[in-house]
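Engineer: Input: one structure, supplied below.
There are 2 protein chains.
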Amino acid sequence: MADLTERQQTILLLITRDYIDTAQPVGSKRLVEHYHLDLSSATIRNEMAALTEMGYLRQPHTSAGRVPTEEGYRFFVGQMMHQAELPEAIQHTISHQFYQARADVDQWMALAASILAHQSQGVSVVTAPHAETVRFKHVELISTQGRQVLMVMVLAGGEVSQQILTLAEPVSQERLSQTAARLNGLLAGLALDAVAALPARSDALDQDILTLILADMRRISESTSGQIYTDGQTNLLAEPEFSESDEARRALRLFEERSTLRDLLARTAANSSVGGLQVLIGSEGGWEELRQCSMVLARYGVPGLATGTLGVLGPMRMSYARTIPTVRYVADLLSDMVNDTIGGND
Amino acid sequence: MADLTERQQTILLLITRDYIDTAQPVGSKRLVEHYHLDLSSATIRNEMAALTEMGYLRQPHTSAGRVPTEEGYRFFVGQMMHQAELPEAIQHTISHQFYQARADVDQWMALAASILAHQSQGVSVVTAPHAETVRFKHVELISTQGRQVLMVMVLAGGEVSQQILTLAEPVSQERLSQTAARLNGLLAGLALDAVAALPARSDALDQDILTLILADMRRISESTSGQIYTDGQTNLLAEPEFSESDEARRALRLFEERSTLRDLLARTAANSSVGGLQVLIGSEGGWEELRQCSMVLARYGVPGLATGTLGVLGPMRMSYARTIPTVRYVADLLSDMVNDTIGGND
DNA sequence: GATTAGCACTCACTTTACGCGAGTGCTAAA
DNA sequence: TTTAGCACTCGCGTAAAGTGAGTGCTAATC
Numbered sequence: 000m001a002d003l004t005e006r007q008q009t010i011l012l013l014i015t016r017d018y019i020d021t022a023q024p025v026g027s028k029r030l031v032e033h034y035h036l037d038l039s040s041a042t043i044r045n046e047m048a049a050l051t052e053m054g055y056l057r058q059p060h061t062s063a064g065r066v067p068t069e070e071g072y073r074f075f076v077g078q079m080m081h082q083a084e085l086p087e088a089i090q091h092t093i094s095h096q097f098y099q100a101r102a103d104v105d106q107w108m109a110l111a112a113s114i115l116a117h118q119s120q121g122v123s124v125v126t127a128p129h130a131e132t133v134r135f136k137h138v139e140l141i142s143t144q145g146r147q148v149l150m151v152m153v154l155a156g157g158e159v160s161q162q163i164l165t166l167a168e169p170v171s172q173e174r175l176s177q178t179a180a181r182l183n184g185l186l187a188g189l190a191l192d193a194v195a196a197l198p199a200r201s202d203a204l205d206q207d208i209l210t211l212i213l214a215d216m217r218r219i220s221e222s223t224s225g226q227i228y229t230d231g232q233t234n235l236l237a238e239p240e241f242s243e244s245d246e247a248r249r250a251l252r253l254f255e256e257r258s259t260l261r262d263l264l265a266r267t268a269a270n271s272s273v274g275g276l277q278v279l280i281g282s283e284g285g286w287e288e289l290r291q292c293s294m295v296l297a298r299y300g301v302p303g304l305a306t307g308t309l310g311v312l313g314p315m316r317m318s319y320a321r322t323i324p325t326v327r328y329v330a331d332l333l334s335d336m337v338n339d340t341i342g343g344n345d
Numbered sequence: 000m001a002d003l004t005e006r007q008q009t010i011l012l013l014i015t016r017d018y019i020d021t022a023q024p025v026g027s028k029r030l031v032e033h034y035h036l037d038l039s040s041a042t043i044r045n046e047m048a049a050l051t052e053m054g055y056l057r058q059p060h061t062s063a064g065r066v067p068t069e070e071g072y073r074f075f076v077g078q079m080m081h082q083a084e085l086p087e088a089i090q091h092t093i094s095h096q097f098y099q100a101r102a103d104v105d106q107w108m109a110l111a112a113s114i115l116a117h118q119s120q121g122v123s124v125v126t127a128p129h130a131e132t133v134r135f136k137h138v139e140l141i142s143t144q145g146r147q148v149l150m151v152m153v154l155a156g157g158e159v160s161q162q163i164l165t166l167a168e169p170v171s172q173e174r175l176s177q178t179a180a181r182l183n184g185l186l187a188g189l190a191l192d193a194v195a196a197l198p199a200r201s202d203a204l205d206q207d208i209l210t211l212i213l214a215d216m217r218r219i220s221e222s223t224s225g226q227i228y229t230d231g232q233t234n235l236l237a238e239p240e241f242s243e244s245d246e247a248r249r250a251l252r253l254f255e256e257r258s259t260l261r262d263l264l265a266r267t268a269a270n271s272s273v274g275g276l277q278v279l280i281g282s283e284g285g286w287e288e289l290r291q292c293s294m295v296l297a298r299y300g301v302p303g304l305a306t307g308t309l310g311v312l313g314p315m316r317m318s319y320a321r322t323i324p325t326v327r328y329v330a331d332l333l334s335d336m337v338n339d340t341i342g343g344n345d
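Chains as they are written, first to last, in numbering that gives the first Met the number 0: chain A, 0 to 345; chain B, 0 to 345.
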């Protein structure tokens with residue numbers, strides 16, 4: 000991968016930008032005319048041949064223009080990463096929407112997914128914040144019918160888990176409330192292993208509930224992420240390179256199957272930190288189904304307390320110039336919201 | 000729509016079944032050979048001409064076999080409605096899966112959606128149970144950081160709402176708990192309008208929270224359904240009639256936009272009752288985007304307390320024989336679960 | 001040495017033509 | 001009422017020919 004001359008860089012960037020806009024292979028003539036370069040098409044052709052030789056461009060077929068290779072996109076994204084900033088007007092629109100939904104925690108992720116999908120015209124994915132180390136905060140026991148009890152448990156970091164418990168025998172709401180109060184006092188702020196290390200309770204009901212709480216905390220702890228939200232799946236179908244063939248269908252299938260999606264996010268986001276941004280182009284992610292796609296991913300949240308992943312999947316020729324700053328901006332916003340509301344110690 | 004002779008009915012049903020299986024227009028010859036009818040193809044042709052005349056069949060073009068019209072499908076479904084029963088083996092598989100997930104309330108709907116999508120090879124949709132009249136059950140206030148409070152409200156029917164409240168000034172967890180306890184005593188079992196009719200509280204914090212509770216109850220009351228879950232979107236793309244053209248994309252877009260989907264479900268499910276089953280074929284639903292599709296919908300839950308909608312969207316030639324009993328079975332199962340866990344009076 | 005005009009060449013895409021065959025509707029005989 | 005026979009229709013697949021955008025190379029020019 001030899002160094003590129005100034006002119007080669009310009010040409011590569013122009014071709015990439017043009018191809019992203021038009022989805023058509025870019026020819027030498029078009030390049031000269033549209034961007035009024037002070038060169039002839041023949042010169043451009045020579046440079047394009049060089050860029051092709053170096054692996055930044057390729058020809059779909061002999062008599063066609065050039066298209067960026069993965070390497071070409073990578074160069075393009077590398078250039079863009081630093082400069083790209085979201086227009087202020089859009090920033091305002093987005094933050095306004097979040098402001099409106101600030102009260103409804105469950106809406107945050109869906110809203111983020113919606114915004115990302117619309118702005119990027121790709122498929123968005125957002126995971127709810129999830130704590131690396133689960134820490135108990137609060138439990139509530141609500142009698143419903145007979146021996147059935149609805150348990151609502153809140154964890155530090157804001158995760159809420161609802162469970163239906165079936166007790167051995169009916170218990171009054173009053174006793175349930177007392178048990179909940181005792182457990183809240185006992186468990187407040189404890190991490191999973193601290194809860195596990197507690198001695199058995201003398202009260203049978205307390206012990207039963209404690210066991211269930213422990214099991215539930217363990218379940219949550221073992222999951223790699225919070226609930227997953229996606230949006231904009233149909234956007235991918237609108238892209239010309241996917242309209243035919245079932246390439247898009249296979250990619251979407253990956254996103255639909257939550258367990259694989261979770262796996263994908265866990266694997267790729269593991270080595271990125273909050274604030275950082277990761278762009279996976281084509282085969283870079285290692286998923287066969289996504290070799291025609293790119294992903295822009297970011298982690299958000301409060302490290303050590305609760306973090307999540309969000310990002311966009313699009314065709315390899317997605318509008319990085321629009322997607323990258325949007326992902327970054329939304330990640331920052333969500334981080335702030337997580338921090339403001341559940342981030343504090345208490 | 001004249002009456003059909005026995006023989007015409009048989010032919011119509013066979014053609015419909017064959018077309019559902021093969022996605023190919025059915026010719027007279029094929030019909031005779033595959034189903035060893037004791038008739039010649041010429042006779043069949045005459046009958047097919049009659050059925051076409053009556054509007055049950057149509058020809059995609061002159062030299063092609065016959066395909067059912069909407070009316071044809073409607074007749075087919077009418078015949079099937081009564082007899083169709085889900086094979087016991089499948090019943091067991093499904094109920095087993097639900098049994099495994101019985102504790103996790105938030106998993107029910109996702110599981111139902113997954114099962115429906117897999118069984119029917121269509122796009123499934125499930126709404127969380129939603130009460131027609133919201134009734135207060137329980138509230139919990141959890142201090143998080145500074146003036147931020149996480150409010151978890153449980154409604155009769157099991158709906159849980161999380162909200163972030165921002166108070167005018169910081170309040171201790173202790174005071175929050177006391178307020179919650181007072182409000183729980185005061186509001187237990189009250190419907191929205193009863194809560195609205197309450198006199199103002201003397202305690203300022205109590206009053207503030209009460210106002211917020213009221214607003215939240217109103218918000219929930221005004222929404223036409225609980226959260227919506229879907230699955231199997233890619234199934235639609237696999238269908239041959241959708242592989243080309245963006246017909247499928249437009250239909251999926253409808254499902255992706257939650258507000259329109261909510262609208263669609265509210266409109267179509269309004270006039271059906273729990274236990275009943277509704278099959279909307281083609282343009283019957285009144286949605287232009289779905290004129291090539293059919294929907295099988297059912298309501299589930301406990302009437303008067305909490306109900307939801309579930310169903311499947313598929314191509315018009317979807318496997319009704321498989322979808323209808325599955326939808327019915329899953330609806331019944333969910334109804335049972337809702338009834339068992341949150342259905343009781345308390 | 002870099003740039004450019006000129007030109008032959010390649011090859012996907014479109015259009016046109018045409019044969020094939022499945023399927024039909026009609027008629028006349030059984 | 002059913003059926004054999006037959007002419008007819010028309011979508012579909014294949015082949016052939018034409019079109020044109022775009023290239024790479026060579027030789028002239030700056």
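No residue lacks a Cβ here, since even glycine has one placed at the ideal position from N, Cα and C.
Along the chain, where does the beta strand (DSSP E) containing GLU139 (chain A) start, and where does it finish?
Structural biologist: By one-based count along the first sequence, residue 139 (chain A) stands at place 140. Counting along the chain, the beta strand (DSSP E) containing GLU139 (chain A) begins and ends at 135–144.
Engineer: Measure from the C-beta of ARG252 (chain B) to each C-beta in chain A and report whether the shortest distance is under 8 Å.
Structural biologist: Numbered from its first residue, the second sequence carries residue 252 (chain B) at position 253. Yes, because at least one Cβ of chain A sits closer than 8 Å to the Cβ of ARG252 (chain B).
Engineer: Classify ASN234 (chain A) as buried or exposed, calling it buried when 16 or more other Cβ atoms lie within 10 Å of its own Cβ.
Structural biologist: On the first sequence, residue 234 (chain A) is found 235 positions in, with the first residue counted as 1. Per the 10 Å Cβ criterion, buried.
Engineer: Decide yes or no for the touch test of the stretch 292–303 of chain A against the stretch 333–343 of chain A: beta carbon pairs closer than 8 Å, at least 3 of them.
Structural biologist: At 8 Å Cβ cutoff, the stretches touch.
Engineer: Anything in chain B within Cβ reach of ALA255 (chain A), meaning under 8 Å, just list it in chain order.
Structural biologist: Numbered from 1 along the first sequence, position 256 holds the residue referred to as residue 255 (chain A). The sequence shown places Glu at residue 255 (chain A), not Ala. ASP230, GLY231, GLN232 and THR233, listed in chain order.
Engineer: Within its chain, find whatever has a CB closer than 8 Å to the CB of MET47 (chain A); leave out the 5 residues flanking it on each side and keep chain order.
Structural biologist: On the first sequence, residue 47 (chain A) is found 48 positions in, with the first residue counted as 1. Here the set comprises ILE10, ILE14, SER27, LEU56 and ARG65.
Engineer: Take the Cβ of GLY285 (chain A) as the centre, count every other Cβ of all protein chains shown within 10 Å, and call the residue buried at 16 or more, exposed below.
Structural biologist: The residue you call residue 285 (chain A) lines up with position 286 of the first sequence. Exposed, because fewer than 16 other Cβ atoms sit within 10 Å of the Cβ of GLY285 (chain A).
Engineer: Does chain A have any CB closer than 8 Å to the CB of LEU236 (chain B)?
Structural biologist: By one-based count along the second sequence, residue 236 (chain B) stands at place 237. With 8 Å as the cut-off, LEU236 (chain B) counts as an interface residue toward chain A.
Engineer: Are three or more beta carbon pairs between the stretch 223–238 of chain B and the stretch 106–116 of chain B nearer than 8 Å?
Structural biologist: The stretch 223–238 of chain B is in contact with the stretch 106–116 of chain B.
Engineer: CB-CB under 7 Å to ALA195 (chain A), same chain, minus the five flanking residues each way: which ones, in chain order?
Structural biologist: The residue you call residue 195 (chain A) lines up with position 196 of the first sequence. Here the set comprises LEU213.
Engineer: Spell out a yes or no on whether the stretch 192–206 of chain B and the stretch 88–95 of chain B are touching, meaning 3 or more CB-CB pairs, one atom from each, closer than 8 Å.
Structural biologist: Contact fails: fewer than three Cβ-Cβ distances are below 8 Å.
Engineer: Is SER334 (chain B) helix, strand or coil by DSSP?
Structural biologist: Translated into the one-based positions of the second sequence, residue 334 (chain B) becomes position 335. Helix.
Engineer: How about ALA22 (chain A) and GLU158 (chain A): are their beta carbons less than 8 Å apart?
Structural biologist: As a first step, residue 22 (chain A) must be located in the first sequence, where it is residue number 23. As a first step, residue 158 (chain A) must be located in the first sequence, where it is residue number 159. No, these two residues do not count as a Cβ contact at 8 Å.
Engineer: Report all residues from its chain with a CB closer than 8 Å to the CB of LEU211 (chain B); omit the five preceding and five following residues, and keep chain order.
Structural biologist: To locate residue 211 (chain B), count along the second sequence from 1; it is residue 212. Cβ neighbours of LEU211 (chain B) beyond the five flanking positions: MET150, GLN162 and LEU164.
Engineer: Determine the chain A residues that contact GLU52 (chain B) at a beta-carbon separation under 8 Å, and present them in chain order.
Structural biologist: The residue given as residue 52 (chain B) occupies position 53 in the second sequence. What GLU52 (chain B) touches in chain A: nothing, since even the nearest Cβ is about 38 Å away.
Engineer: With C-beta atoms as the reference, is GLY188 (chain B) less than 8 Å away from PHE135 (chain B)?
Structural biologist: As a working note, residue 188 (chain B) is residue 189 in the second sequence. As a working note, residue 135 (chain B) is residue 136 in the second sequence. Contact: yes.
Engineer: Mind checking if ILE323 (chain B) is an interface residue toward chain A, Cβ cutoff 8 Å exclusive?
Structural biologist: One-based indexing of the second sequence puts residue 323 (chain B) at position 324. Closer than 8 Å: no.
Engineer: Assuming contact is defined by CB atoms lying nearer than 8 Å, are VAL25 (chain A) and TYR34 (chain A) in contact in what I supplied?
Structural biologist: Mapped onto the first sequence, residue 25 (chain A) falls at position 26. Mapped onto the first sequence, residue 34 (chain A) falls at position 35. Not in contact: VAL25 (chain A) and TYR34 (chain A) (Cβ atoms no closer than 8 Å).
Engineer: Give the single residue among A:GLY313, A:ALA49 and A:GLN99 whose Cα lies nearest to the Cα of SER293 (chain A).
Structural biologist: Against the first sequence, residue 293 (chain A) aligns to sequence position 294. Of the listed residues, the one whose Cα sits closest to SER293 (chain A) is A:GLY313.
Engineer: Please check if any C-beta of chain A sits within less than 8 Å of the C-beta of HIS137 (chain B).
Structural biologist: Position 138 of the second sequence, counting from 1, holds the residue named residue 137 (chain B). Yes, because at least one Cβ of chain A sits closer than 8 Å to the Cβ of HIS137 (chain B).
Engineer: How would you call ARG6 (chain B), buried or exposed, if buried means at least 16 neighbouring beta carbons within 10 angstroms?
Structural biologist: On the second sequence, residue 6 (chain B) is found 7 positions in, with the first residue counted as 1. Answer is exposed; the Cβ neighbour count stays below 16.
Engineer: At least one CB of chain A closer than 8 Å to the CB of LEU149 (chain B): is that the case?
Structural biologist: To locate residue 149 (chain B), count along the second sequence from 1; it is residue 150. Yes, because at least one Cβ of chain A sits closer than 8 Å to the Cβ of LEU149 (chain B).
Engineer: So, is GLN277 (chain A) buried or exposed, given that buried needs 16 or more other C-beta atoms within 10 angstroms?
Structural biologist: Residue 277 (chain A) sits at position 278 when you count from the first residue of the first sequence. Buried, because 16 or more other Cβ atoms sit within 10 Å of the Cβ of GLN277 (chain A).
Engineer: Between the alpha carbons of ARG103 (chain A) and ALA49 (chain B), how many angstroms are there, rounded?
Structural biologist: Stepping through the first sequence from its first residue, residue 103 (chain A) is reached at position 104. Stepping through the second sequence from its first residue, residue 49 (chain B) is reached at position 50. Reading off the sequence shown, one finds Asp at residue 103 (chain A), where the question assumed Arg. Each residue's alpha carbon lies about 59 Å from the other.
Engineer: For the stretch 77–109 of chain B, which residues have a beta carbon sitting closer than 9 Å to at least one beta carbon of chain A?
Structural biologist: Flagged, chain order: ARG101, ALA102, ASP103, VAL104, ASP105 and ALA109.
Engineer: Pull the bridge partners of HIS129 (chain B) from the DSSP assignment, please.
Structural biologist: Residue numbering aside, residue 129 (chain B) sits at position 130 when the second sequence is read from its first letter. Note: HIS129 (chain B) sits in a beta bridge opposite B:THR306.
Engineer: Can you give me the Cβ contacts of SER160 (chain A) inside the same chain, cut-off strictly under 7 Å, excluding the 5 residues immediately before and after it?
Structural biologist: Locating residue 160 (chain A) in the first sequence gives position 161, where the first residue counts as 1. Here the set comprises MET152, ASP215 and ILE219.
Engineer: Starting from the beta carbon of ILE212 (chain B), find every residue of chain A whose beta carbon is closer than 7 Å, and list them in chain order.
Structural biologist: The residue labelled residue 212 (chain B) in the question sits at position 213 within the second sequence. Those do not exist, as ILE212 (chain B) stays about 12 Å from chain A at its closest Cβ, beyond 7 Å.
Engineer: Hey, is ILE114 (chain B)'s beta-carbon within less than 8 Å of any beta-carbon in chain A?
Structural biologist: Counted from its first residue, the second sequence places residue 114 (chain B) at position 115. Not an interface residue.
Engineer: What's the C-alpha gap between THR306 (chain B) and ALA100 (chain B)?
Structural biologist: To locate residue 306 (chain B), count along the second sequence from 1; it is residue 307. To locate residue 100 (chain B), count along the second sequence from 1; it is residue 101. If you take the alpha carbons of THR306 (chain B) and ALA100 (chain B), they lie about 20 Å apart.
Engineer: For HIS129 (chain A), count neighbouring C-beta atoms within 10 Å of its own C-beta (all shown protein chains included) and say buried if the count is 16 or more, exposed if not.
Structural biologist: As a working mapping, residue 129 (chain A) is identified with position 130 in the first sequence. By the neighbour-count rule (16 or more Cβ atoms within 10 Å), HIS129 (chain A) is buried.
Engineer: So which of A:VAL31, A:ALA265, A:THR51 and A:THR308 has the shortest CA-CA distance to GLY274 (chain A)?
Structural biologist: One-based indexing of the first sequence puts residue 274 (chain A) at position 275. Of the listed residues, the one whose Cα sits closest to GLY274 (chain A) is A:THR308.
Engineer: For ARG248 (chain A), decide whether its Cβ has a neighbour in chain B, counting only Cβ atoms nearer than 8 Å.
Structural biologist: In the first sequence, counting from the first residue as 1, residue 248 (chain A) sits at position 249. ARG248 (chain A) counts as touching chain B.
Engineer: Ends of the alpha helix (DSSP H) at GLN232 (chain A)?
Structural biologist: Stepping through the first sequence from its first residue, residue 232 (chain A) is reached at position 233. Run containing GLN232 (chain A): 232–237, per the alpha helix (DSSP H) assignment.
Engineer: 8 Å is my cut-off, CB to CB: does ILE208 (chain A) come that close to chain B?
Structural biologist: Counting from 1 along the first sequence, the entry for residue 208 (chain A) is found at position 209. No, because no Cβ of chain B sits closer than 8 Å to the Cβ of ILE208 (chain A).
Engineer: Excluding five sequence neighbours on each side, which residues of the same chain lie with their C-beta closer than 6 Å to the C-beta of GLU256 (chain A)?
Structural biologist: As a first step, residue 256 (chain A) is located in the first sequence; it is residue number 257 there, counting from the start. Excluding residues within five positions, none has a Cβ falling inside 6 Å.
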